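Report on the following structure.
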Amino acid sequence: MKKTQFLLLALVFGVVYSCRENDTFSEETAGQKEVHGKTVDVTHHDGRPFTTGASPYAKFVAGPGGSVLMQGFYWDVPDGGNWWNTVKGKLTDWSNAGIGAVWLPPASKAQNGPYSMGYDPTDYYDFGNYNQNGSIETRFGSRAELEALITKAHAENMQVYADIVINHNSGGQSEYNPYVGSNTWTNFSGVASGKFPRSYNDFYKNSYGNNDEGSFGGFPDLCHANPYVQQWLWGRDDSLGKYYKNVMKFDGWRFDYVKGFGPWVVNTWNSNVGGFSVGELWDSNVNTLEWWANNANSSVFDFAAYYKMDEAFDNGNLNVLNDDMMWKRNPFKAVTFVANHDTDIIYNKMLAYAYILTHEGYPTIFYRDYEEWLNKERLNNLIWIHNNKATGTTSILYTDNDEYITRRNGYNGNPGLVVYINNSSSWQERWIQTNWTSQQIKDFTGSSSWYPTTQSDKWVKIQCAPKSYSVWSLNQ
């Protein structure tokens, strides 16, 4: 072959290859990776962070990236009445790490007394100070210990959220129920606190109807359509919501099993009581999550993101992180998580925490992940990155089966970041476009020793270790 023919063919090949490399979406030959190389602006707003609102008790002020929530329990924490003291003893360290709020398990006396995790509530106003259901204290401790925990949290500039179970009750006495023609366990007239006594007409089926949106486990299903129930939940000065907020000093609410009642219930609670709220709507359909959050005027746990992270990090397809999630629909109503007391399916958890702690929404840390199972130093580093660098809207820069790169675009003078997640078994490098012109950047996780300088066109090469992540921002 003549030299001129070789050069001509090489030039043609180079042009074709260059076009292929710059294609916004390329699907390579069978067996190779699917690649998404087009920058996609995922969210569109003014860049402000997630806010949990002001607390009248805590001096809490979120960092530029917002706040981080700690789930302060797991299923079947040790019984014996010491849990409130256990959590209280960790609050200073959590606050120093940058955690801004703690979510506590249901605090009131339940049917199983000293052994219950609280999700079978009997007396909403018994916080471990009445002798009923087999004990004075709850599984977690006494009312005095709970109040000491809340006071300590506020002193550490942390908010405290109560787990609220208002779909169903348990532990009532048997009574004849004319609506079913037999006896039901719906007589709560003898609750020791004397507050919110209930009878068969306060549960379905009753004079208000046969059922509402959902029942749970055969427990008596509380009727929110009954004005008497509404008054005790949020209307009266000593209603459940106002008592928890004004007397017990809780700052917000995690509503359990919201599939069991209409979103108007949480909406009305919020408008009458106030405080931060998030609903447990266990559904991976982002349309359902968004519908509920809008109608409840509340945040919602982002189960859509949860299941996508499992598919991405455990099943080797990071491209699914391009799919829809609640934090993309509305980052100001999305509470993200990697595990909780009910479900724990993600194996590659550090990659998942790197995802939620660099992305939009309100990230939650699971107690056992932080205190027992994962590397606390690495989690603390991600919490610091979230609070100080994870600012602004989100743009996805690159994904394939093993790699995912996203840019946070900064807000109010904060430069934002670029996060690189690598699920492959080898080091990876990519050229990406930043928002920074001719400035030195570094990896704030410390994994990479590179200190590259962005080009005049804002492009720069970054790297990521195998089965790990790196987080890049201005070296300042």
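Residue numbers (full-length UniProt numbering): 1 to 476. Don't be surprised by glycine CBs; every beta carbon is placed ideally from N, CA and C. None of the values given here were measured: they were computed from a predicted structure.
Helix, strand or coil: which one does DSSP assign to residue i?
| i | result |
| --- | --- |
| Lys-59 | coil |
| Pro-114 | helix |
| Trp-291 | helix |
| Val-258 | helix |
| Thr-86 | helix |
| Asp-402 | coil |
| Val-180 | coil |
| Leu-281 | coil |
| Lys-442 | strand |
| Gln-71 | strand |
| Gly-31 | Unreliable positioning characterises Gly-31 in this predicted model, as indicated by a pLDDT of 38, which lies under 50. The coordinate reading is nonetheless provided below. Here Gly-31 sits in coil by DSSP. |
| Glu-175 | strand |
| Pro-263 | helix |
| Lys-461 | strand |
| Pro-363 | strand |
| Gln-433 | strand |
| Arg-407 | strand |
| Tyr-355 | helix |
| Leu-240 | helix |
| Ile-421 | strand |
| Phe-313 | helix |
| Ser-170 | coil |
| Val-471 | strand |
| Tyr-370 | helix |
| Phe-250 | coil |
Going by the beta-carbon positions, is the gap between residue i and residue j smaller than 8 Å?
| i | j | result |
| --- | --- | --- |
| Asn-226 | Asp-202 | yes |
| Gly-172 | Asn-183 | no |
| Leu-146 | Ala-101 | no |
| Arg-81 | Glu-34 | Strictly speaking, residue 81 in this sequence is Gly, with Arg absent from that position. No; because the gap between Cβ atoms is not below 8 Å, this pair is not in contact. |
| Arg-378 | Thr-391 | no |
| Lys-245 | Gly-275 | yes |
| Pro-466 | Trp-427 | yes |
| Gln-159 | Ala-62 | no |
| residue 530 | Asp-237 | Given a span of 1 to 476 for the chain in the structure shown, any question on residue 530 remains unanswerable. |
| Phe-255 | Glu-290 | no |
| Pro-105 | Gly-118 | yes |
| Ile-405 | Ala-354 | no |
| Ile-365 | Ile-99 | yes |
| Tyr-347 | Asp-314 | yes |
| Asn-412 | Asn-317 | no |
| Ser-277 | Val-266 | yes |
Just how far apart, CA to CA, sit residue i and residue j?
| i | j | result |
| --- | --- | --- |
| Trp-450 | Leu-321 | 27 Å |
| Tyr-115 | Arg-139 | 5 Å |
| Ser-239 | Leu-233 | 5 Å |
| Gly-257 | Pro-263 | The identity of residue 257 in the sequence shown is Tyr, whereas the question assumes Gly. When rounded, the distance between both Cα atoms is 11 Å. |
| Pro-121 | Met-309 | 33 Å |
| His-386 | Phe-303 | 20 Å |
| Tyr-74 | Gln-440 | 42 Å |
| Ala-305 | Asn-319 | 13 Å |
| Thr-268 | Asn-133 | 31 Å |
| His-45 | Ser-438 | 27 Å |
| Pro-49 | Asn-210 | 43 Å |
| Val-460 | Thr-434 | 7 Å |
| Val-180 | Lys-389 | 58 Å |
| Gln-230 | Asn-96 | 40 Å |
| Ser-199 | Ser-207 | 12 Å |
| Asp-93 | His-36 | 41 Å |
| Gly-446 | Lys-349 | 19 Å |
| Glu-311 | Glu-429 | 23 Å |
| Trp-83 | Asp-76 | 11 Å |
| Gly-214 | Phe-261 | 6 Å |
| Phe-60 | Gly-66 | 11 Å |
| Tyr-228 | Glu-371 | 43 Å |
| Lys-205 | Phe-196 | 19 Å |
| Ser-456 | Pro-363 | 34 Å |
| Asp-324 | Ala-144 | 45 Å |
So residue i and residue j are supposed to be a Cβ contact under 8 Å. How far apart are they, rounded?
| i | j | result |
| --- | --- | --- |
| Trp-292 | Val-300 | 6 Å |
| Gln-382 | Trp-472 | The residue you asked about is not Gln; residue 382 is Leu in the sequence shown. Incorrect: roughly 14 Å between the Cβ atoms, too far for contact. |
| Asn-423 | Leu-351 | 6 Å |
| Lys-442 | Asn-475 | 4 Å |
| Gln-71 | Asn-340 | 6 Å |
| Ser-108 | Tyr-125 | 7 Å |
| Lys-152 | Leu-91 | 5 Å |
| Trp-253 | Ile-345 | So it is not a contact: roughly 26 Å between Cβ atoms. |
| His-168 | Pro-220 | 6 Å |
| Asn-270 | Ser-298 | 6 Å |
Cβ pair count under 8 Å reaching 3, the stretch 35-44 against the stretch 395-402:
yes
Kindly confirm or deny that the stretch 332-342 and the stretch 357-369 touch, where touching means at least three C-beta pairs closer than 8 Å.
yes
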